[in-house]
Amino acid sequence: MPPLELWGGAECTVNRVGEHFRDQTLETGHQDRLEDLDLIASLGVRALRFPILWERICPGDPQSCDWTWSDARLARLQALGIRPIAGLVHHGSGPPRTNLLDPDFGAKLGDYAARVAERYPWIADWTPVNEPLTTARFAALYGHWYPHARDEGGFWRALVHQVEGVACAMAAVRAVNADARLIQTEDLGKTYGTPRTQTQVAYDNARRWMGWDLLCGRVVPGHALWERLAGFGLADKLEALASDPCPPDLIGINHYLTSDRFLDERVTAYPPAMHGGNGSSAYVDTEAVRVLDPAPDGLANALAEAWARYRIPIAITEVHNGCTREEQMRWMRDAWGDAQAARADGVEVQAVTAWSLFGASGWNTLLTDPGIYEPGVFDVRGGTPRPTAMVPLLQALAAHRPPAHPAMGGTGWWRRDNRVVHRQHPNPEVCAQSSKSSSRRDPLFIVGATGTLGQALARMCEMRDLAYILTDRTILDLRDGVSIATALSGHRPWAVINAAGWVRVDDAEDAEAACFAANCVGATELAIAASERGIPTVSFSSDLVFDGMAGRAYFAADACTPLNAYGRSKAAMEAAIGALPGCHLIVRTAAFFSPWDTQNFAVQAVEALAAGRRFRAADDQVVSPAYVPHLCNAVLDELIDGTRGILHLANQGAVSWADFAIAIARACALPMALVEPVPGRDLGWKAARPSAVPLVSHRMPALDTALQAFASAPETRRRIGRASQGSAVLRSA
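Mapped onto my numbering, the consecutive letters of the sequence shown carry residue numbers 2 to 734.
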């Protein structure tokens, strides 16, 4: 068997909701960056799933095609030695002149495929329709996508029309290139369920194969679902497909952490938004990984079942996990390992595909609303693709070297106990499982055990299964060079985050030397010692290094012009650490807020407003608040990625302190009228504050998202409840 190959793919969906077509190639900026292909080549990929999508090339007149974009990129792929896998429809329903319920959809797609093949006769690998069964479900059974049907008959017709399209397309392509291969993709999972849901479970587990079964000509009398489809008037089409099958040359398995499902009729045990059913029985359809104990075998099971059913070579054609960086890496590591293990068992797995190379937008809403951007191998939130830690991982896998990043040493959340969020249910297919964690892991050092930020970072490391040591002065004292050296040499951390330092802005005016010693001298000594040992560091700075006179949001490259002692200490730290050799990240942030501690503006506002007290806040000072859980996750991702230099991390948005308080009240359903906007000078601050220091930051969620998370946090709800009860007691006294 040839060595396992690494393939790649940029998320390229063009889908339709109502009259709106949504294009992931446009949304990620991949449309305008020919140089993206060189970045892809740097990964070591041998083949690239490449969109020559019907809706993009030929949206209007069937005889009018615009090949400009594809011509330039396919020529570049040829020069780079990367094989394209041509995709013609990717979760779409074709251009406006057709749709998945059009009986002529297949013939029309075949006509388009003929023009593509005539243009690019050298392309050998083709996926005319990506995930036809999944697309049929979302577009014609659930109604999320055009043509928005919501019935089983529409679903089966949409699937059969797409399969006809695949067959017509391949016939047209093979008329030009007789050796062309069909690589047919589908999202393959397995459905589990309680005893009372087994009828639906059996149906779902038969339905999942139908795209491939139809192409292979297997849906004939005697097939588990033949009568069902024939009952919807599809018998003639089934007979035609069976008489002239178009089996895949390669089965493409896409498998996500949401692919395996669990059905449970005990709907009251789940939130109302999850309640559903099949028209005759009510049940919840949720992720099996969130319920089953032990967790389902996921991708490994999908590979084994597909091979046993078809004995057709397999490629894993999408591997992506929209999560924190180390979880993205662990998911890819596990997928590669599952592929290698399957090969050892005789399964002919040819490739693993790193999907969503430049990220994706809106999949958290199934592309029905704008949604969030989730980074891929490259993060494009700053406008230019930024390599993440996925890049060296993929380069190592492509070269068949073991990946080495210390953050990967933990176990993916899909194997940890905290994955279970609903009522646990025993897995009926219990198999032996073991942790993929290494026996010994180098830790991450977090300096600052007593501070808000240090505690929050440790909490996030626990959630992400990142080995860490949260240090206090008994382990590492920033005032003592010997203590620093001993701690670093003795514990051998793979990175150091300095979350310690002086935080009392007004007190620093009367103790500038002490503030400088904590924020600059000690921080710099730690960074020097880390540099000498080749250890990356993260240090924290502040928006108070600026004077607020720019008249615009501040960029990381802007010069420091502090107004107060605290700001001067941070500016000096930035200059000192920035001049050191090695990998040092300095994070400028601002206006922490969190549900996890009491010493922050948001919690103080909530407690006052919930108790019915007025809350004064400055209306003449503008900041970019940072929600601490978001900040900690972003910092850990950037550290894992090896980011260096100065970086702004704050939630996207800029508000005055008074407007921030009003937004908190609104999010928490508290009386906004109790917020009293006042000039900053009326608040008794000793240190001068800048009037407007919004930060340009692209790598954290919007402020509205952060406020929703803060308001819904259990700690916030409990705090509001206690304050409200106390207020009621006082009113009744």
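Backbone N, C-alpha and C define an ideal beta-carbon position, used for all residues, glycine too.
Quick caveat: nothing in here was measured; it's all calculated off a predicted structure.
Notebook entry, point to check: Excluding five sequence neighbours on each side, which residues of the same chain lie with their C-beta closer than 8 Å to the C-beta of residue 230?
Noted result: Counting only residues of its own chain and dropping the five nearest sequence neighbours on each side, residue 230 has a CB closer than 8 Å to the CB of 157, 161, 220, 236 and 239.
* Which ranges does the alpha helix (DSSP H) cover as unbroken runs of at least 4 residues, wholly within the stretch 510-565, from first to last along the chain? -> Listed in chain order, they are 513-517 and 523-533.
**Prompt:** Looking at C-beta atoms only, is the number of pairs between the stretch 608-616 and the stretch 642-655 that lie closer than 8 Å three or more?
**Reply:** Result no; under three Cβ-Cβ pairs closer than 8 Å.
Local conformation of residue 1 per DSSP, three classes:
Shown here, the chain extends from 2 to 734; a query on residue 1 therefore has no answer.
Would the beta-carbon of residue 104 be found less than 7 Å away from any heavy atom of the ligand NAP? Absence of the ligand NAP from the depicted structure is noted, as is the absence of any ligand whatsoever, leaving it without description.
Point to revise | Top-ranked residue by Cα proximity to residue 599, from 674, 717, 132 and 576 | key: With distances taken between Cα atoms, residue 599 lies closest to 717.
What does residue 627 pair with, by DSSP beta-bridge criteria?
Bridge partners of residue 627: 593.
Subject >> C-beta atoms of residue 472 and residue 486 nearer than 8 Å >> reply: The answer is no: Cβ separation not under 8 Å.
Helix, strand or coil, according to DSSP, for residue 311 in the structure here?
In the structure shown, residue 311 falls within a helical segment according to DSSP collapsed to helix, strand and coil.
Exercise. Below 8 Å on the Cβ atoms is my guess for residue 260 versus residue 188; work out the distance and round it to an integer in Å.
Key: Beta-carbon to beta-carbon, residue 260 and residue 188 are separated by about 6 Å, close enough to satisfy the 8 Å threshold.
So, is residue 321 buried or exposed, given that buried needs 16 or more other C-beta atoms within 10 angstroms? The residue in question, residue 321, is buried, as its Cβ has 16 or more Cβ neighbours within 10 Å.
Note to self: Helix, strand or coil, according to DSSP, for residue 136 in the structure here?
What the structure shows: Here residue 136 sits in helix by DSSP.
Chain-order list of residues whose beta-carbon lies under 8 Å from that of residue 143 (same chain, five-residue window excluded) | Hits under 8 Å: 151.
**Buried/exposed call for residue 201, threshold 16 Cβ in 10 Å** = Residue 201 sits buried, since 16 or more C-beta atoms from the chains shown fall within 10 Å of its C-beta.
Test item: CB-CB of residue 253 and residue 389 under 8 Å | No, they are not a contact pair.
State the DSSP-derived secondary structure class of residue 499, mapped to helix, strand or coil. Strand.
| query | Of all the options 687, 714, 642 and 635, which has the alpha carbon lying nearest to the alpha carbon of residue 665? | reply | Minimum Cα distance to residue 665 is reached at 714.
Alpha-carbon spacing of residue 356 relative to residue 257, whole angstroms: Between residue 356 and residue 257, the C-alpha separation is close to 11 Å.
Buried or exposed: which applies to residue 255, given that a residue is buried once 16 or more other Cβ atoms fall within 10 Å of its Cβ? Residue 255 comes out buried.
Quiz prompt | CA-to-CA distance, residue 171 to residue 32, given in whole angstroms | solution = Take the alpha-carbon of residue 32 and the one of residue 171: they are about 27 Å apart.
Give the C-beta separation of residue 265 and residue 198 to the nearest angstrom, bearing in mind that I take them to be a contact with Cβ-Cβ under 8 Å. Residue 265 to residue 198, Cβ: 7 Å. Contact.
- Item | the stretch 282-297 touching the stretch 583-599, judged by at least three CB pairs closer than 8 Å | By the Cβ test, the stretch 282-297 is not in contact with the stretch 583-599, since fewer than three Cβ pairs between them sit closer than 8 Å.
Original post:
How many angstroms separate the CA atom of residue 339 from the CA atom of residue 73?
Top reply: Those two C-alpha atoms are separated by around 36 Å.
So the candidates are 174, 70 and 90; which of them puts its Cα closest to the Cα of residue 119?
Cα-wise, what sits closest to residue 119 is 174.
Throw me the rounded Cβ distance for the residue 304 and residue 350 pair, which I believe falls under 8 Å. About 6 Å separates the two Cβ atoms, so the contact holds.
- Query: Quick one: does residue 107 have its CB under 8 Å from some CB of chain B?
  - Reply: In the structure shown, chain B does not exist; there is a single protein chain.
- Query: Three-state secondary structure (DSSP) at residue 266?
  - Reply: Correct three-state label for residue 266: coil.
For the alpha helix (DSSP H) containing residue 156, name the first residue and the last one. Here the alpha helix (DSSP H) through residue 156 covers 153-177.
Practice item. With a cut-off of 8 Å on the beta carbons, I'd call residue 524 and residue 502 a contact; round off their distance for me. Key: Indeed they touch by this definition, with Cβ atoms about 7 Å apart.
Just checking my contact of residue 145 with residue 367 at CB under 8 Å: how many whole Å lie between their CB atoms? The C-beta distance from residue 145 to residue 367 rounds to 5 Å, short enough to fall under 8 Å.
### Beta-carbon proximity list for residue 215, same chain, < 6 Å, skipping 5 on both sides
If we look at residue 215 and ignore the five residues flanking it on each side, its Cβ neighbours are 164 and 242.
With DSSP as the reference, identify every bridge partner of residue 127, one or two as the case may be.
Among the bridge pairs identified by DSSP, residue 127 is matched with 87 and 183.
Task: Alpha-carbon to alpha-carbon, residue 131 and residue 176 - done: C-alpha of residue 176 to C-alpha of residue 131: approximately 22 Å in a straight line.
Could you tell me which residues DSSP pairs with residue 656 in its beta bridges?
Residue 656 pairs with 624.
Who are residue 8's beta bridge partners in DSSP?
Bridge partners of residue 8: 48 and 354.
Let me check understanding here. Comparing Cα to Cα, which of 378, 572 and 291 lies closest to residue 638?
When each option's Cα is compared against that of residue 638, the closest is 378.
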